[in-house]
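**Student:** Listed in order, the protein sequences are those of chains A and B. Sequential numbering from 4 applies to the first sequence in our numbering. Sequential numbering from 4 applies to the second sequence in our numbering. I am attaching a structure below and will ask some questions about it afterwards.
Protein chains: 2
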Amino acid sequence: MIYPSSLSNLINYFRKLPGIGEKSAERLALSVLSMSSDDVNGFSASMIDSRENLHQCSICGHITDKEICDICSDSNRNKNVICVLEDYKSVFAFEKAGNYDGVYHVLNGLISPIDDVNPEDINISSLMKRVEELDNPEVIIALKSTVEGETTTLYLQKLLENKKVSISRLSYGIPMGAEIDFLDEITLERALSDRKKITE
Amino acid sequence: MIYPSSLSNLINYFRKLPGIGEKSAERLALSVLSMSSDDVNGFSASMIDSRENLHQCSICGHITDKEICDICSDSNRNKNVICVLEDYKSVFAFEKAGNYDGVYHVLNGLISPIDDVNPEDINISSLMKRVEELDNPEVIIALKSTVEGETTTLYLQKLLENKKVSISRLSYGIPMGAEIDFLDEITLERALSDRKKITE
Numbered sequence: 004m005i006y007p008s009s010l011s012n013l014i015n016y017f018r019k020l021p022g023i024g025e026k027s028a029e030r031l032a033l034s035v036l037s038m039s040s041d042d043v044n045g046f047s048a049s050m051i052d053s054r055e056n057l058h059q060c061s062i063c064g065h066i067t068d069k070e071i072c073d074i075c076s077d078s079n080r081n082k083n084v085i086c087v088l089e090d091y092k093s094v095f096a097f098e099k100a101g102n103y104d105g106v107y108h109v110l111n112g113l114i115s116p117i118d119d120v121n122p123e124d125i126n127i128s129s130l131m132k133r134v135e136e137l138d139n140p141e142v143i144i145a146l147k148s149t150v151e152g153e154t155t156t157l158y159l160q161k162l163l164e165n166k167k168v169s170i171s172r173l174s175y176g177i178p179m180g181a182e183i184d185f186l187d188e189i190t191l192e193r194a195l196s197d198r199k200k201i202t203e
Numbered sequence: 004m005i006y007p008s009s010l011s012n013l014i015n016y017f018r019k020l021p022g023i024g025e026k027s028a029e030r031l032a033l034s035v036l037s038m039s040s041d042d043v044n045g046f047s048a049s050m051i052d053s054r055e056n057l058h059q060c061s062i063c064g065h066i067t068d069k070e071i072c073d074i075c076s077d078s079n080r081n082k083n084v085i086c087v088l089e090d091y092k093s094v095f096a097f098e099k100a101g102n103y104d105g106v107y108h109v110l111n112g113l114i115s116p117i118d119d120v121n122p123e124d125i126n127i128s129s130l131m132k133r134v135e136e137l138d139n140p141e142v143i144i145a146l147k148s149t150v151e152g153e154t155t156t157l158y159l160q161k162l163l164e165n166k167k168v169s170i171s172r173l174s175y176g177i178p179m180g181a182e183i184d185f186l187d188e189i190t191l192e193r194a195l196s197d198r199k200k201i202t203e
């Protein structure tokens, strides 16, 4: 036992965080010792507060500390455009990009038969209900291009096909700033087949 | 406001930790949301526990949750050899190396006139008292080779000179595994002047 037990406890908790190895956990735990008492109390309370008070928005499934999230209750946002995302982290990414003024629907998962995740395990039925209540909405499916993402996209497409909905998906292609010769073949193939005319 | 307020609070606290930038703070805060309630409660309590219950050992100045630290109260350790260190982090480094069986004295700082840290601001008088109570002890000064480290080493050397103490310092030289041509000049100079005979 190199560390006093309370410190070694704290180090172990830091190690549970993603991407934090032994050295970092030690550095972080030691830094807590030199924080002000107020900061440590606040940090500690904020941890419990976040864990206990954040839950899914009853409309879109995004995390919120209210009944309905800030995005769904924002009157400036276009409720007729719904962007379907895998998780709340993707919502934060979209919000940071900052130029989307529609609303979201967070599936909180992707269909994955291998992991025994079926359509009824993720927020699909609530999406259908939302769509049915709207007048000719646009649904933008923004899921990643893995087997699970494509499966879920296809499933949603089938479900929505017969309704009065315009469906789109994000474009695939070259990420900004990427070197063409470093791209994987599938991305290049997609970028080629999704090519856009620049002159008529 | 992209994040619910309790989450953005938690992100801000994570940003106070050393080496944690915006992206990492966000990732860590989000990971807390998916930890078990028990883990979050434990983590939070352990943070306060460490901050409140750890203090300096009344003998050597190392951090401990007891009155006297585990090292000072270990009867297997040679109390007549005292290794003088800048801070408790250095104690952990020595303990990990694992082959030192003496005890420590943690100065909790280095003399630094620029930062207005004088000899009486660090644990020097308690070191002198310890030394005086021992019978011909060995004091190993293990401070870093910066201006502050060297100043403190010299100051301790002066204080100890007239007492019945054998004083040593760590050797300077090439770190294990380092390429000679990448070493700075001062380290090389020190390694040369501190060279050891390998044949008589």
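Where a beta carbon is used, it is the ideal one built from N, C-alpha and C, also for glycine.
Name, please, each residue of chain B whose Cβ falls closer than 8 Å to the Cβ of A/Tyr6.
**Tutor:** The count along the first sequence starts at 1 and reaches residue 6 of chain A at position 3. Here the neighbours are Phe95.
**Student:** At what residue ranges does the region 50-105 of chain B contain a whole run of the beta strand (DSSP E), taking only runs of 3 or more?
**Tutor:** Complete beta strand (DSSP E) runs here, min 3: 81-88.
**Student:** Go through the region 114-148 of chain B residue by residue and report every complete run of the beta strand (DSSP E) that reaches 3 residues or more, in order.
**Tutor:** Within the region 114-148 of chain B, the complete beta strand (DSSP E) runs of at least 3 residues are 141-144.
**Student:** Pick out the complete beta strand (DSSP E) segments inside the region 161-190 of chain B, 3 residues or longer, and give them in chain order.
**Tutor:** If we require 3 residues or more, the beta strand (DSSP E) runs fully inside the region 161-190 of chain B come out as 169-172.
**Student:** Rounded to a whole number of angstroms, what is the C-alpha to C-alpha distance between B/Phe97 and B/Tyr103?
**Tutor:** Residue numbering aside, residue 97 of chain B sits at position 94 when the second sequence is read from its first letter. Residue numbering aside, residue 103 of chain B sits at position 100 when the second sequence is read from its first letter. Cα to Cα, B/Phe97 sits roughly 7 Å from B/Tyr103.
**Student:** To which residues does DSSP link B/Val35 through a beta bridge?
**Tutor:** Locating residue 35 of chain B in the second sequence gives position 32, counting from the first residue. In DSSP, B/Val35 forms no bridge with anything.
**Student:** Using a C-beta cutoff of 7 Å, does A/Pro21 count as contacting chain B?
**Tutor:** As a first step, residue 21 of chain A is located in the first sequence; it is residue number 18 there, counting from the start. So yes, A/Pro21 belongs to the interface.
**Student:** Could you give the residue range of the alpha helix (DSSP H) that holds B/Leu10?
**Tutor:** Walking along the second sequence from the start, residue 10 of chain B turns up at place 7. 8-18 is the extent of the alpha helix (DSSP H) around B/Leu10.
**Student:** State the Cα-Cα distance for the pair A/Tyr16 and A/Gly24, rounded to the nearest angstrom.
**Tutor:** Position 13 of the first sequence, counted from the first residue, corresponds to residue 16 of chain A. Position 21 of the first sequence, counted from the first residue, corresponds to residue 24 of chain A. Cα to Cα, the separation comes out at about 11 Å.
**Student:** Please name the residues in the region 116-140 of chain B whose beta-carbon is closer than 8 Å to at least one beta-carbon of chain A, in chain order.
**Tutor:** Answer in chain order: no residues at all.
**Student:** Considering only DSSP beta bridges, list what B/Tyr158 is partnered with.
**Tutor:** Counting from 1 along the second sequence, the entry for residue 158 of chain B is found at position 155. Its beta-bridge partners do not exist; DSSP assigns none.
**Student:** Could you tell me if A/Gly180 is buried or exposed, where buried requires 16 or more neighbouring beta carbons within 10 angstroms of its beta carbon?
**Tutor:** In the first sequence, residue 180 of chain A corresponds to position 177, counting from 1. The residue in question, A/Gly180, is exposed, as its Cβ has fewer than 16 Cβ neighbours within 10 Å.
**Student:** Going by beta-carbon coordinates alone, are A/Ile14 and A/Ala28 separated by less than 7 Å?
**Tutor:** One-based indexing of the first sequence puts residue 14 of chain A at position 11. One-based indexing of the first sequence puts residue 28 of chain A at position 25. Yes, the pair counts as a contact, with Cβ atoms nearer than the cut-off.
**Student:** Starting from A/Asn56, find everything on chain B with Cβ-Cβ shorter than 9 Å and list it in chain order.
**Tutor:** Here the question's residue 56 of chain A lines up with position 53 in the first sequence. Chain B residues near A/Asn56: Pro7, Ser9.
**Student:** Check distances from the C-beta atoms of the region 28-44 of chain A to those of chain B and list, in chain order, the residues that come in under 8 Å.
**Tutor:** Taking 8 Å as the Cβ-Cβ cut-off against chain B, the residues of the region 28-44 of chain A that qualify are Glu29, Arg30, Leu31, Ala32, Leu33, Ser34, Val35, Leu36, Met38, Ser40, Asp42, Val43, Asn44.
**Student:** Roughly how many whole angstroms lie between the Cα atoms of B/Cys86 and B/Ile117?
**Tutor:** Within the second sequence, numbered from 1, the residue matching residue 86 of chain B stands at position 83. Within the second sequence, numbered from 1, the residue matching residue 117 of chain B stands at position 114. Answer to the nearest angstrom: the Cα atoms are 26 Å apart.
**Student:** Does the structure place the region 106-117 of chain B close enough to the region 63-74 of chain B that three or more beta carbon pairs sit under 8 Å?
**Tutor:** With the cut-off at 8 Å, the region 63-74 of chain B and the region 106-117 of chain B touch.
**Student:** Quick one: using the 10 Å Cβ neighbour count with 16 as the cut-off for buried, is A/Pro178 buried or exposed?
**Tutor:** As a working note, residue 178 of chain A is residue 175 in the first sequence. So A/Pro178 counts as exposed.
**Student:** Any Cβ of chain A within less than 7 Å of the Cβ of B/Met179?
**Tutor:** For this step, residue 179 of chain B is matched to residue 176 along the second sequence. So no, B/Met179 is outside the interface.
**Student:** With burial defined as no fewer than 16 other Cβ atoms inside 10 Å of the residue's Cβ, what is the status of A/Ser49: buried or exposed?
**Tutor:** Walking along the first sequence from the start, residue 49 of chain A turns up at place 46. Looking at its Cβ environment, which holds 16 or more other Cβ atoms inside 10 Å, A/Ser49 is buried.
**Student:** Report buried or exposed for A/Ser39, applying the criterion of at least 16 other Cβ atoms within 10 angstroms of its Cβ.
**Tutor:** Taking the first residue of the first sequence as position 1, residue 39 of chain A is located at position 36. A/Ser39 is exposed by the Cβ-count criterion.
**Student:** Can you confirm whether A/Ser49, when its beta carbon is compared against all beta carbons of chain B, has any partner nearer than 7 Å?
**Tutor:** Along the first sequence, one-based indexing puts residue 49 of chain A at 46. With 7 Å as the cut-off, A/Ser49 counts as an interface residue toward chain B.
**Student:** Please name the residues in the region 72-87 of chain A whose beta-carbon is closer than 9 Å to at least one beta-carbon of chain B, in chain order.
**Tutor:** The residues in question are Cys72, Asp73.
**Student:** In terms of alpha-carbon separation, which member of A/Arg133, A/Asp197, A/Ser37 lies closest to A/Tyr175?
**Tutor:** Within the first sequence, numbered from 1, the residue matching residue 175 of chain A stands at position 172. Residue A/Asp197 is the option with its Cα nearest to A/Tyr175.
**Student:** Below 7 Å between beta carbons: does that hold for A/Ala145 and A/Leu173?
**Tutor:** Along the first sequence, one-based indexing puts residue 145 of chain A at 142. Along the first sequence, one-based indexing puts residue 173 of chain A at 170. Yes; because the gap between Cβ atoms is below 7 Å, this pair is in contact.
**Student:** Strictly below 8 Å CB to CB, what residues from chain A border B/Thr67?
**Tutor:** Working through the second sequence from its first residue, we reach residue 67 of chain B at position 64. Neighbours of B/Thr67 on chain A, chain order: Pro7.
**Student:** In angstroms, rounded to a whole number, what distance separates the CA positions of A/Lys187 and A/Lys200?
**Tutor:** As a position in the first sequence, residue 187 of chain A is number 184, starting the count at 1. As a position in the first sequence, residue 200 of chain A is number 197, starting the count at 1. In the sequence on display, residue 187 of chain A carries Asp and not Lys. Whole-angstrom Cα-Cα distance: 23 Å.
**Student:** Under 9 Å, CB to CB, which of the residues in the region 139-173 of chain B have a partner in chain A?
**Tutor:** If the cut-off is 9 Å between Cβ atoms, the region 139-173 of chain B has nothing near chain A.
**Student:** CA-CA distance, B/Leu137 and A/Ser53?
**Tutor:** For the purposes of this step, residue 137 of chain B is identified with residue 134 of the second sequence, where counting begins at 1. For the purposes of this step, residue 53 of chain A is identified with residue 50 of the first sequence, where counting begins at 1. Roughly 54 Å between the two C-alpha positions.
**Student:** Would A/Asn83 and A/Pro140 qualify as a contact pair, given that the criterion is a beta-carbon distance under 7 Å?
**Tutor:** Here residue 83 of chain A corresponds to residue number 80 of the first sequence, with the count starting at 1. Here residue 140 of chain A corresponds to residue number 137 of the first sequence, with the count starting at 1. For A/Asn83 and A/Pro140, yes; Cβs fall inside 7 Å.
**Student:** For A/Val150, count neighbouring Cβ atoms within 10 angstroms of its own Cβ and tell me buried if that reaches 16, exposed if not.
**Tutor:** For the purposes of this step, residue 150 of chain A is taken as the residue at position 147 of the first sequence. It is exposed - the Cβ of A/Val150 has fewer than 16 other Cβ atoms within 10 Å.
**Student:** How big is the Cα-Cα spacing for A/Pro21 and B/Thr202?
**Tutor:** To locate residue 21 of chain A, count along the first sequence from 1; it is residue 18. To locate residue 202 of chain B, count along the second sequence from 1; it is residue 199. The alpha-carbon atoms of A/Pro21 and B/Thr202 are separated by roughly 52 Å.
**Student:** Return yes when the Cβ of B/Ile143 is within less than 7 Å of the Cβ of B/Ser169, no when it is not.
**Tutor:** As a working mapping, residue 169 of chain B is identified with position 166 in the second sequence. As a working mapping, residue 143 of chain B is identified with position 140 in the second sequence. Result no, Cβ atoms of B/Ser169 and B/Ile143 do not sit closer than 7 Å.
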